[in-house]
Every structure is written in structure tokens, then in C-alpha cells.
Amino acid sequence: MQIYRPYRASAHDMCRFHSDEYIEFLQHVTPQNLQNFTKYLSHFNVGDDCPVFDGLFEFCSMYTGASLEGAVKLNNNCCDIAVNWSGGLHHAKKFEASGFCYVNDIVIAISRVAQVSRAGFVHRH
1 MQIYRPYRAS
11 AHDMCRFHSD
21 EYIEFLQHVT
31 PQNLQNFTKY
41 LSHFNVGDDC
51 PVFDGLFEFC
61 SMYTGASLEG
71 AVKLNNNCCD
81 IAVNWSGGLH
91 HAKKFEASGF
101 CYVNDIVIAI
111 SRVAQVSRAG
121 FVHRH
């Protein structure tokens with residue numbers, strides 16, 4: 001077994017599935033500036049079961065990047081199995097959070113695998 005430090009997914013990576021507006025919101029909202037984003041909270045379903053916390057975007061970037069890195073390693077035949085123990089946040093929808101899932105890393109990673117499968121070659125991130 002090998003353990004890797006996760007690639008940090010960019011906003012561009014996350015926008016492979018999610019809307020630009022939603023990812024921009026996640027990039028900028030913090031507990032300290034939450035009052036500036038009140039009109040967006042219900043729109044993006046952020047609040048009760050998907051709270052804003054310090055490091056929210058970094059958290060999303062790390063778990064999404066780890067799933068993307070696993071997809072790249074699988075595509076490059078560097079491994080037979082890739083596990084992201086912090087990932088699998090599959091409840092997130094294209095335009096909103098749901099069930100403590102902010103970014104749907106599974107859809108993003110699968111789209112990476114499908115992209116490579118269709119093209120027949122591998123691109124890094």
C-alpha cells in the first residue's frame with residue numbers, strides 16, 4: 001500500500017461538475033463574513049446540515065483533489081485500487097450542498113476517468 005499527499009483541486013477542477021457561481025461562493029464564504037452572503041445561503045443550501053466553517057474551500061479542495069489523484073493513478077496504471085477515505089461526498093448537487101457534502105468528488109473523478117477512456121490517453125489534472 002502507498003499513501004499519497006492529496007493534490008489540491010482547483011476551482012476549475014470543481015467546476016467540471018459544479019456551477020462557477022457555487023464554487024466561487026465556497027471559495028469566499030467564511031464564518032467571519034457569513035453575514036455578507038446571507039442571500040446565497042438558502043440558494044446554495046448552506047446552513048443547517050452543511051455549515052460554513054473555517055477552511056471550507058480548502059477541505060473541499062483536498063478531498064476532491066485526492067479523488068482526482070486516485071483517478072489519474074488508475075488511468076496511468078499506477079495502481080489497481082485507489083481509496084480516498086475522506087472522499088465520497090456524493091450528496092452534493094451541481095448547484096448546492098447537501099448532507100454535509102459540498103463538492104461531489106465522485107462525479108468529478110468519474111468524469112476524469114471517462115474523459116481518459118474516451119480519449120484513449122491521460123492528461124494530468
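Number 69 in UniProt numbering belongs to position 69 of the sequence shown; there are no gaps in the numbering.
Glycine included, C-beta positions come from ideal geometry on N, C-alpha and C.
Source: prediction; values computed, not measured.
For residue j and residue i, the rounded distance between their alpha carbons
i: residue 135; j: residue 80; result: Coverage of the chain is limited to positions 1 through 125, which leaves residue 135 absent and any answer about it impossible.
i: residue 12; j: residue 24; result: 10 Å
i: residue 76; j: residue 105; result: 19 Å
i: residue 48; j: residue 39; result: 15 Å
i: residue 3; j: residue 78; result: 13 Å
i: residue 7; j: residue 58; result: 11 Å
i: residue 42; j: residue 88; result: 23 Å
i: residue 115; j: residue 5; result: 24 Å
i: residue 32; j: residue 14; result: 24 Å
i: residue 1; j: residue 28; result: 36 Å
8 Å CB neighbourhood of residue i in its chain, flanking five on each side removed
i: residue 30; result: 52, 54, 56
i: residue 98; result: 45, 49, 50, 91, 92
Close beta carbons around residue i, own chain, < 7 Å, minus the five adjacent residues each side
i: residue 9; result: 61, 64, 65, 68
i: residue 26; result: 56, 57, 60, 102
Beta-carbon gap between residue i and residue j smaller than 8 Å
i: residue 113; j: residue 74; result: yes
i: residue 19; j: residue 100; result: no
i: residue 22; j: residue 44; result: yes
i: residue 16; j: residue 86; result: no
Proximal residues to residue i (C-beta, below 6 Å), its chain only, five neighbours per side dropped
i: residue 34; result: 52
i: residue 147; result: The displayed coordinates of the chain run from 1 to 125. Any statement about residue 147 would go beyond what the structure contains.
i: residue 109; result: 67, 68, 71
Exercise. Curious, which full-length alpha helix (DSSP H) runs of at least 4 residues does the UniProt domain "Histone deacetylase" (4–115) contain?
Worked result: The qualifying runs are 11–14, 20–28, 38–41, 56–75.
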